[in-house]
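Residue numbers (UniProt numbering): 1 to 259.
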């Protein structure tokens, strides 16, 4: 990160604590970085005051981000009458009011910290990652159905274990990079049986047929007697039979008188 980037961070970091929206802070950072990078020299001095117009880079950033300059200056220096920022290749310094000049960023200080804290860890981490093997997981066969027999499950599990051999990649310095070696597979493995597809059979529903309605019982015509009225009496006739009537009166017998 260059000195200009550290100047932008130092001048815009207090704006968030002062209640300036994050979008305005991002806009001010972009404008300030662009204007400072357009300067012909990589070194410069920025003198800021609360009642005076700021330098051109800061004025453009304040107008573009809609931030009032007194609010911006108060977030940076508080009630101090002046703020001076000096920057160049490898350093950024600042002075608030009549105080001493202090380091905001120094390439030499940051470089020494990096060499002490990061260099001992990098070789150890890289060596650990190179020597750690990468083992691919083995895929196991899943059971076909709840109704399958236990013998089929045992055969399928044995076939899956024998057919799938894990491949191990080694990244150690002694072995060439990217060259895998596989464990020997067991010969004569039976293929997995096909998964049976069961088709549900619909149960036949009973068919109900309506029974014929019973006809009402009728009396036999042979038992029916019909009565007919005629002059002199009543005649009763049975169906399919003989006409019946009153018994005819017996004729009186003639008596013979013997002489």
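Cβ coordinates follow ideal geometry from the N, Cα and C atoms, glycine included.
In the structure shown, the three-state DSSP call for residue 18 is coil. For residue 48, the uninterrupted beta strand (DSSP E) run begins and ends at 44-48, by DSSP. In the DSSP assignment, residue 60 falls outside any beta strand (DSSP E) and lies within the alpha helix (DSSP H) extending over 56-64. Classified as buried, residue 12 has 16 or more neighbouring CB atoms from the shown chains inside 10 Å of its CB. Its Cα nearest to that of residue 43, the residue 2 stands out among 2, 64, 17, 66. Across the set 19, 80, 95, the C-alpha of 95 shows the shortest separation from the C-alpha of residue 86. By alpha-carbon distance to residue 45, the top candidate from 66, 16, 91, 19 is 91. Spanning the alpha carbons of residue 52 and residue 17 requires a straight line of approximately 23 Å. In the DSSP assignment, residue 94 falls within the beta strand (DSSP E) that extends over 91-96.
Note on geometry: alpha-carbon atoms of residue 39 and residue 107 lie some 21 Å from one another. Rounded to the nearest whole angstrom, the C-alpha separation of residue 104 and residue 33 is 17 Å. Per DSSP, residue 106 is one residue of the beta strand (DSSP E) stretching across 102-106.
In the three-state reduction of the DSSP assignment, residue 83 falls in the strand class. When the five nearest sequence neighbours on each side are left out, the beta carbons in the same chain lying within less than 8 Å of the beta carbon of residue 55 are those of 46, 47, 48, in order along the chain.
Note on geometry: alpha-carbon atoms of residue 26 and residue 37 lie some 17 Å from one another. Counting every other CB atom within 10 Å of its CB across the protein chains shown gives residue 65 a total of 16 or more, marking it as buried.
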